[in-house]
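*Asks:* Residues 113 to 353 (the working numbering) make up the sequence shown, in order. All residues carry an ideal CB built from backbone N, CA and C; glycine is no exception. Because the structure is a prediction, the values reported are computed rather than measured. Got a structure for you, written out below as structure tokens; questions coming shortly.
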Amino acid sequence: MTTVLKQLKPAFRIASVATTNNGVQIVWKDGHESFYHNLWLLDSCRSPKFFQRDTLSLNSGHDVLKMPLNPTPEEVKLDGEGNLDIIWGGDQTGHQSVFDASWLRVHCQNDQALKQRRKPQLWDSSVSVSHFDCYEVMNDDGVLLSFLNKIVDMGVAIIDDAPKNEESFRALIERVGPLRQRYHPTNVFTMDRSNKKAQAIQHSYQVGTLRNHTDVTAYDIPTGLQFFECTLYENPDSDRQ
């Protein structure tokens, strides 16, 4: 009987794996070589501790602020399906991560196409987030392009004086691209706390700690953008919370 592993093309089958001081080196059946940093692998882990499959979102066990900068694998091997199987040591001792071989190949960080991509700007304390005027974004293609370029470079930008009603806010979103329904059954503009199904699967409806995250924009093809509307109000000095 032909197994799924044997049906995979050589480009998606791992020939060998080896560890380095900060990552995993993979040689594929077609001769291609890939390197994956340990921190990237641990951050990409989709185990139940780290990841909630019902909502495709990070679980409470994944706290990026507490992740070790230099995680160390205790054991690296191929499982029976030819996937990468890592048992972590150090602060993550005993934690297991399994990565589908074809997924790893698609996310190869050695490919020339990756190296030619525009480099994002990494954040530090000196970062200043760019602001854009809503009217200009809506009416000037050049300003819209600048806004989108900042999103590509930094991952975030702020639009000032945004509309306060749903219809106009929708128009602003659709100025950038088509609006997509969220995976859970709620209005894309508001949170419906009476929706029991959404409450059961969605972190934002629950009282637990919500870790640093980027929601699920990365699961869209092409990658999506998420808009948050922030309402500012003046409050008395005695009520600063």
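Applying the 10 Å Cβ sphere with the 16-neighbour rule, what's the burial state of Ile270?
*Replies:* Counted from its first residue, the sequence shown places residue 270 at position 158. Result: exposed.
*Asks:* Would you say the segment 143-156 touches the segment 173-189, given that touching needs at least three Cβ pairs under 8 Å?
*Replies:* Yes, since at least three Cβ pairs between the segment 143-156 and the segment 173-189 fall closer than 8 Å, the two stretches touch.
*Asks:* Jot down the residue ranges of each uninterrupted alpha helix (DSSP H) in the segment 141-193, minimum 4 residues, whole runs only, in chain order.
*Replies:* The qualifying runs are 150-155.
*Asks:* Taking the straight line between their C-alpha atoms, what separation do you get for Ser214 and Gly202?
*Replies:* The residue labelled residue 214 in the question sits at position 102 within the sequence shown. The residue labelled residue 202 in the question sits at position 90 within the sequence shown. Spanning the two alpha carbons is a distance of roughly 28 Å.
*Asks:* When we look at the beta-carbon of Phe146 and count the other beta-carbons within 10 Å, is it buried (16 or more) or exposed?
*Replies:* For the purposes of this step, residue 146 is taken as the residue at position 34 of the sequence shown. Checking the displayed sequence, the identity of residue 146 turns out to be Ser instead of Phe. The residue is buried, with at least 16 neighbouring Cβ atoms inside 10 Å.
*Asks:* Taking just the CA atoms, how far does Cys220 sit from Glu341?
*Replies:* Start at 1 with the first residue of the sequence shown, and residue 341 comes out as number 229. Start at 1 with the first residue of the sequence shown, and residue 220 comes out as number 108. Going from the Cα of Glu341 to the Cα of Cys220 covers about 35 Å.
*Asks:* What's the C-alpha gap between Gly267 and His174?
*Replies:* As a first step, residue 267 is located in the sequence shown; it is residue number 155 there, counting from the start. As a first step, residue 174 is located in the sequence shown; it is residue number 62 there, counting from the start. In a straight line, the C-alpha of Gly267 is about 21 Å away from that of His174.
*Asks:* Using 10 angstroms around the beta-carbon of Ser238, count the other beta-carbons present and answer buried if the total reaches 16, otherwise exposed.
*Replies:* Against the sequence shown, residue 238 aligns to sequence position 126. Exposed, because fewer than 16 other Cβ atoms sit within 10 Å of the Cβ of Ser238.
*Asks:* When the Cα of Ala123 is compared with those of Val136, Lys141 and Val129, which residue comes out closest?
*Replies:* Taking the first residue of the sequence shown as 1, we reach residue 123 at position 11. Considering only alpha carbons, the answer is Lys141.
*Asks:* For the alpha helix (DSSP H) containing Ala213, name the first residue and the last one.
*Replies:* The count along the sequence shown starts at 1 and reaches residue 213 at position 101. Unbroken alpha helix (DSSP H) run through Ala213: Ala213 to Val218.
*Asks:* Can you tell me whether Ser258 is helix, strand or coil according to DSSP?
*Replies:* Here residue 258 refers to the residue found at position 146 of the sequence shown. Here Ser258 sits in helix by DSSP.
*Asks:* Looking only at C-alpha atoms, which of Thr205, Arg287, Val218 and Arg165 sits nearest to Val255?
*Replies:* Your numbering for residue 255 matches position 143 in the sequence shown. It is Arg287.
*Asks:* Could you check which residue in Glu346, Gln233 and Gln224 has the C-alpha nearest to that of Leu144?
*Replies:* Here residue 144 refers to the residue found at position 32 when the sequence shown is read from its first residue. What sits at residue 144 in the sequence shown is His, not Leu. Comparing Cα-Cα distances from His144 to each of Glu346, Gln233 and Gln224, the minimum goes to Gln224.
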